[in-house]
Structure formats: C-alpha cells, structure tokens
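Notes for the one structure printed next.
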Amino acid sequence: MHFIVNGLQHDLLLDTRMSLLDMLRERLALTGTKKGCNQGACGACTVLVEGERINACLALAVQYENRPITTIEGLGDAEELHALQRAFIAHDGFQCGYCTPGQICSAIGMAREAARGVPSAVTTDLVMEEVELSHDELRERMSGNLCRCGAHNGIVEAIQATFVREDAA
Ligand code: FES
Ligand code: FES
1 MHFIVNGLQH DLLLDTRMSL LDMLRERLAL TGTKKGCNQG ACGACTVLVE GERINACLAL
61 AVQYENRPIT TIEGLGDAEE LHALQRAFIA HDGFQCGYCT PGQICSAIGM AREAARGVPS
121 AVTTDLVMEE VELSHDELRE RMSGNLCRCG AHNGIVEAIQ ATFVREDAA
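For the sequence shown, counting from 1, position 15 maps to 15 in full-length UniProt numbering; every step adds exactly one.
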C-alpha cells in the first residue's frame, strides 16, 4: 500500500488490521506520535490527515492510503520549530512531554475547524462563518487531549498565544 507521510512516499506491505498509529510508530519509526490509551480516550495519538485531526489509534492504516498524513515530525524540527511548538516552550505547556505531540497536532486541527465555523458543544451562534476561540471554546475543543501532568493551563496559554486574536481571548 502507498502512504504519504510528512511529504514522503512509502510503499508498505501491511496487515490490514494494523492501526494507523502502529503503522506510523512500528513501520515508519515515527515515534513522535504517542500511544497512550490505544482506545480513543486520551488524544496522545492525534495526527493530521488532509489537515483534519484524528486519533490514529482508532484508524486502520489501510483507510489512509494516498491521503496526506502529517505527524509531529512533519510540523517542525530542532532547527525550525512550528510557532505552536515555540509557544509550548514559552508557556510551559508540558512536563513529561508524552501528550505534547498529540496536543500540538490537535490544536492545529482545532484552529482550522474554528476558522471555518465548525461549532463545538459550547458554541452559541451556530451560523457564524468563523468561531472565535474564547477560553471556553478552546478548553471544550481541546477536551479530547488529556495531560496527566496537569499542564493544561500552559497548554491553553500556548494555543491562545498562537491562534487567538487578542480581542477574542
Ligand atoms: S492513544 Fe489514541 S486516543 Fe489514546
Ligand atoms: S506533559 Fe505529561 S502528560 Fe502532558
């Protein structure tokens, strides 16, 4: 099967039961994407597929043939970090770092969802073309990404610093 991950092409012979998470970690050695619960509860495995955030542990790899996948390794590197990665450092958005790749991929997908008006459970105006990321919106939209270290305050601050206009915070 043919996969496109972080802009690189990969041809793999796969067990059709393999999750996207296991494919990324065990076949492509992209271990930045983490396995936490392996059952869709923690968000540690979040990656972007065609810009949309998904839980890679709940996805079968074969569903994502020929669809551009972005993992944390594709967002930035040690020489040139993504703006959100820099903000996580500046705002103490992590402690052990295990949830961090998922938090960052999820936040990027979340910001795109809000920008195109996708409502959340706390959105009051359902016909807005763009949802402003208030504190409540941001916390609700990131609620699928858990941090066992309790770095949530820093995580929210880092996301606000990167994606939220000052007049909307
Ligand atoms: S490892 Fe996928 S949601 Fe927890
Ligand atoms: S930084 Fe440790 S789980 Fe989030």
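For each residue, glycine too, the CB sits at the ideal point set by N, CA and C.
Query	Result
For a test of your reading of the model: does the CB of residue 55 fall under 7 Å from any non-hydrogen atom of ligand 1? Yes or no.	yes
Our contact map puts residue 32 next to residue 73 with C-beta atoms below 8 Å; I'd like the distance itself, whole angstroms only.	5 Å
What runs of the beta strand (DSSP E), each 3 residues or longer, lie entirely inside the stretch 41–107?	46–49, 52–55
Consult DSSP for residue 20 and reduce its assignment to one of helix, strand or coil.	helix
Under a three-way DSSP split, which group does residue 9 fall into?	strand
At the level of alpha carbons, what is the spacing between residue 29 and residue 140?	32 Å
Taking 7 Å as the line, does the beta carbon of residue 123 fall inside it for any heavy atom of ligand 2?	no
Which residues does DSSP pair with residue 3 in a beta bridge?	10
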